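What follows is a short report on a single structure.
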Amino acid sequence: MLTLGGQVLGYGWAGLLRKYVVEPAHMWWPSNLVQISLFRVLHFEEDADGNENGERNGNKRQTSRTKFFVVALVCSFIWYLVPGFLFQALSSISWVCWAYPNSVTAQQLGSGLNGLGLGAFTLDWSTVASFLFSPLISPFFAIANVFVGYVLVVYVVIPISYWGLNVYNAKNFPIFSSDLFTAQGQEYNILAIVNQKFELDKVQYEQQGRINLSTFFALAYGFGFATIASTLTHVALFYGREIYDRYRASSNARPDIHTRLMRKYKDIPNMWFIVLLSATLIVSLALCIFLKKEVQMPYWGLLLAAAVSFLFTLPISIITATTNQTPGLNIITEYLMGVMYPGKPTATVAFKTYGYMSMTQAISFLSDFKLGHYMKIPPRSMFLVQFLGTIIAGTVNLGVAWWLLHTVEDICHPDMASNSPWTCPGDRVFFDASVIWGLVGPKRIFGPHGNYSALNWFFLGGLLGPLAIWLLHKQFPKQSWIPLINLPVILGATASMPPATALNYNSWIVVGTIFNFFVFRYRKKWWQRYNYILSAALDAGVAFMAFLLYFTVGMENRSISWWGNNNPEHCDLATCPTAKGISVDGCPTFH
Numbered sequence: 187m188l189t190l191g192g193q194v195l196g197y198g199w200a201g202l203l204r205k206y207v208v209e210p211a212h213m214w215w216p217s218n219l220v221q222i223s224l225f226r227v228l229h230f231e232e233d234a235d236g237n238e239n240g241e242r243n244g245n246k247r248q249t250s251r252t253k254f255f256v257v258a259l260v261c262s263f264i265w266y267l268v269p270g271f272l273f274q275a276l277s278s279i280s281w282v283c284w285a286y287p288n289s290v291t292a293q294q295l296g297s298g299l300n301g302l303g304l305g306a307f308t309l310d311w312s313t314v315a316s317f318l319f320s321p322l323i324s325p326f327f328a329i330a331n332v333f334v335g336y337v338l339v340v341y342v343v344i345p346i347s348y349w350g351l352n353v354y355n356a357k358n359f360p361i362f363s364s365d366l367f368t369a370q371g372q373e374y375n376i377l378a379i380v381n382q383k384f385e386l387d388k389v390q391y392e393q394q395g396r397i398n399l400s401t402f403f404a405l406a407y408g409f410g411f412a413t414i415a416s417t418l419t420h421v422a423l424f425y426g427r428e429i430y431d432r433y434r435a436s437s438n439a440r441p442d443i444h445t446r447l448m449r450k451y452k453d454i455p456n457m458w459f460i461v462l463l464s465a466t467l468i469v470s471l472a473l474c475i476f477l478k479k480e481v482q483m484p485y486w487g488l489l490l491a492a493a494v495s496f497l498f499t500l501p502i503s504i505i506t507a508t509t510n511q512t513p514g515l516n517i518i519t520e521y522l523m524g525v526m527y528p529g530k531p532t533a534t535v536a537f538k539t540y541g542y543m544s545m546t547q548a549i550s551f552l553s554d555f556k557l558g559h560y561m562k563i564p565p566r567s568m569f570l571v572q573f574l575g576t577i578i579a580g581t582v583n584l585g586v587a588w589w590l591l592h593t594v595e596d597i598c599h600p601d602m603a604s605n606s607p608w609t610c611p612g613d614r615v616f617f618d619a620s621v622i623w624g625l626v627g628p629k630r631i632f633g634p635h636g637n638y639s640a641l642n643w644f645f646l647g648g649l650l651g652p653l654a655i656w657l658l659h660k661q662f663p664k665q666s667w668i669p670l671i672n673l674p675v676i677l678g679a680t681a682s683m684p685p686a687t688a689l690n691y692n693s694w695i696v697v698g699t700i701f702n703f704f705v706f707r708y709r710k711k712w713w714q715r716y717n718y719i720l721s722a723a724l725d726a727g728v729a730f731m732a733f734l735l736y737f738t739v740g741m742e743n744r745s746i747s748w749w750g751n752n753n754p755e756h757c758d759l760a761t762c763p764t765a766k767g768i769s770v771d772g773c774p775t776f777h
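Residue numbering for the sequence shown follows this note's numbering, starting at 187 and increasing by one per position.
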């Protein structure tokens with residue numbers, strides 16, 4: 187019920203916000219263009235010269251889109267066998283670690299998985315597209331914004347904070363980690379501070395001492411605070427008038443061709459979504475009231491989560507629709523519940539489900555509505571398919587997760603081999619976040635009783651930042667590059683880190699720049715014809731081979747044991763602290 191409740195709630199928000207982020211032409215949802223290109227390949231016929239529906243490229247014969255897609259898919263399928271099974275070291279090539287096998291600092295700089303990824307790269311498409319999705323579909327201005335934010339955080343702020351200022355005793359801990367530590371750099375024993383009611387054991391917590399974070403993890407939360415605040419200001423300043431006009435139904439903007447064609451279909455009445463929202467809230471309230479001991483969240487927590495989700499869905503969906511980047515709301519939901527209801531980790535997770543997960547689902551549904559808008563699918567058919575898909579997918583996914591937890595030995599365990607598909611980096615970050623925000627509570631971490639209270643100033647910086655850009659735009663209206671500065675994207679550039687790593691970002695930025703700047707600029711016709719098809723083919727090839735590998739060798743735990751597969755990155759020292767006197771197993775002690 188918790189899973190389905192969050193998803194259906196998001197579906198309701200999406201239905202009410204369609205006219206703001208689906209109908210406007212400039213809300214173009216870049217990710218949909220890949221699917222549309224694939225559908226055209228599969229369903230539109232091309233002539234003998236490779237031209238679709240009578241299109242011509244002079245007298246030049248072109249490779250058909252269908253042939254290009256099949257060739258790219260087969261190549262992607264075959265190649266993934268190499269980094270996916272035969273030579274897994276190709277997924278993370280960190281040459282600095284190979285050059286300096288005994289240097290902690292060098293490996294902190296060079297490790298793509300546990301360090302700053304200086305010079306690290308990958309030959310594995312799944313690594314390139316795993317966290318930030320395909321770089322071929324993000325517009326270059328968004329890639330540039332991510333690049334600026336990424337370089338600012340990873341190669342300016344973090345080195346200064348770690349080696350220069352030793353902020354928050356940074357050298358006592360790894361430079362890049364989502365784990366929780368004691369003041370002496372040891373792994374924090376979380377189980378010892380949880381009582382039988384899954385609440386905080388304050389006596390045991392006082393004995394172990396305060397929870398400490400790696401500097402990267404701590405500053406990631408700080409930039410997350412700034413991202414949330416800047417999203418509200420940015421959307422209010424740059425899109426506020428348009429939202430107001432559409433709310434008053436007085437916009438003079440001429441509808442584009444897609445909107446005019448879609449008006450031939452019967453629209454979905456808003457009452458359908460209101461009824462759906464009401465029913466979901468009633469069932470969820472019953473869940474909070476009658477299963478209070480299990481859920482831990484009071485009824486007012488559900489209502490607040492719904493309000494927060496609705497408040498942020500519109501601004502964040504606007505950012506996603508125009509940049510293909512989604513600022514995370516998870517931090518603010520965790521912060522709110524952690525402050526108001528500390529020591530209840532299950533309550534925080536439930537609040538996050540209704541507050542953050544429902545917003546994520548809403549954005550996904552809005553993207554689907556835009557896909558239907560482009561493909562001229564009747565809105566009521568979309569409603570039925572999406573609603574049934576939500577129910578089926580939510581049930582099946584829960585069943586598969588339950589099956590995996592009971593069949594895969596040591597799944598998500600920290601000691602799982604780094605090349606295993608079951609390391610669960612995202613779930614481990616989710617667990618640590620539930621400890622920080624739910625079990626211990628933000629007052630003991632980011633409040634007066636914690637080490638990181640100064641990070642709250644990031645809220646103010648994020649709130650005021652877009653105002654400076656907006657004033658700059660008003661002062662120099664002819665400078666078209668100024669509105670392309672998207673502060674929520676810049677500040678939230680590293681929002682996926684961790685679990686994403688420097689390796690993911692390095693590769694994503696390089697590939698995205700090659701295709702969406704150089705190829706787009708110097709081979710525009712090729713880009714227009716093949717770019718999105720290539721993205722779809724690369725994704726599909728990897729997916730098919732990953733499926734095949736799992737059911738042929740993965741389920742039997744078969745692997746090839748050699749240097750290229752055993753500890754693929756060879757950066758063991760990257761997770762070591764560098765402070766004098768701190769002793770950690772497997773790491774040298776500095777004196």
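Heads up, the beta-carbon is just placed ideally off N, CA and C, and yes, glycines get one too.
None of these values were measured; they are calculated from a predicted model.
- The three-state reading of DSSP puts Ile668 in helix, counting H, G and I together.
- Classified as buried, Met483 has 16 or more neighbouring CB atoms from the shown chains inside 10 Å of its CB.
- Cys261 sits exposed, since fewer than 16 C-beta atoms from the chains shown fall within 10 Å of its C-beta.
- When DSSP assignments are scanned along the region 503-567, the uninterrupted stretches of alpha helix (DSSP H) that are 4 or more residues long and fall wholly within it turn out to be 516-526, 531-538, 544-561.
- Of the candidates Ser320, Asn358, Met741, His212, the residue whose Cα lies closest to the Cα of Trp589 is Met741.
- Taking all protein chains shown into account, Lys452 has fewer than 16 neighbouring C-beta atoms within 10 Å of its C-beta and is therefore exposed.
- Under the three-state reduction of DSSP, Asn398 is assigned to strand.
- Gly585 sits away from Ala533, with the two beta carbons spaced by 8 angstroms or more.
- When rounded, the separation of the alpha-carbon atoms in Val220 and His659 is 32 angstroms.
- Linking Phe551 to Leu759 through their CA atoms gives a straight-line distance of about 43 angstroms.
- Spanning the alpha carbons of Ala369 and Ala211 requires a straight line of approximately 53 angstroms.
- When the beta-carbon positions are compared, Glu595 and Cys283 stay at least 8 angstroms from each other.
- Counting along the chain, Glu231 sits inside no alpha helix (DSSP H), nor does DSSP assign it H or E at all.
- In the three-state scheme derived from DSSP, where H, G and I count as helix and E and B as strand, Leu366 is classed as strand.
- A contact between stretches requires three or more CB pairs, one per stretch, nearer than 8 angstroms, and the region 453-472 meets this requirement with the region 563-572.
- In this structure, DSSP gives Glu392 a helical state, which the three-state scheme calls helix.
- Here Trp281 is exposed: its Cβ has fewer than 16 other Cβ atoms, across all protein chains shown, within 10 Å.
- Sequence-distant partners of Tyr348 (beyond 5 residues in either direction) whose C-beta falls short of 6 angstroms from its own C-beta, in its chain, are Ala356, Ile361, Thr401.
- With contacts defined as CB atoms closer than 8 angstroms, Ile695 and Ile443 fail to qualify as a contacting pair.
- As computed with DSSP, Lys766 is found in a beta bridge with Phe776.
- When the Cα atoms are used, Leu735 and Arg744 turn out to be separated by approximately 10 angstroms.
- Going by beta carbons, Asn717 and Phe701 fall inside the 8 angstroms limit.
- Going by C-alpha positions, Pro269 is about 9 angstroms away from Gly750.
- With a beta-carbon spacing of about 7 angstroms, Phe411 and Asn642 fall inside the 8 angstroms limit used to define contacts.
- Gly727: member of the alpha helix (DSSP H) spanning 710-735, first to last residue.
- Listed in chain order, the non-local C-beta contacts of Pro325 below 8 angstroms within the same chain comprise Pro216, Thr509, Asn510, Asn702, local neighbours out to five positions each way being set aside.
- Between Met545 and Gly196 the beta-carbon gap is near 6 angstroms, inside 8 angstroms, which marks them as a contact.
- Straight-line measurement puts the Cα of Trp265 at about 43 angstroms from the Cα of Lys205.
- Taking the CA atoms as reference points, Ser320 sits about 28 angstroms from Phe496.
- Going by DSSP, Leu322 is part of no alpha helix (DSSP H) at all; its letter is neither H nor E.
- By the neighbour-count definition (other C-beta atoms within 10 Å, threshold 16), Pro531 is a buried residue.
- Ranking Arg449, Leu462, Ser639, Ser620 by CA distance to the CA of Leu202 puts Leu462 first.
- Restricting attention to Trp214, Gly198, Ser223, the CA atom closest to the CA of Ala723 is found in Ser223.
- Restricted to the region 247-294, the alpha helix (DSSP H) segments that are unbroken, complete and at least 4 residues in length are 251-265, 281-285, listed in chain order.
- Within the model, the alpha-carbon separation for Gln294 versus Asn690 is close to 16 angstroms.
- The beta carbon of Leu473 sits closer than 8 angstroms to those of Met187, Leu188, Gly191, Val481, all from its chain and outside the five residues before and after it, given in chain order.
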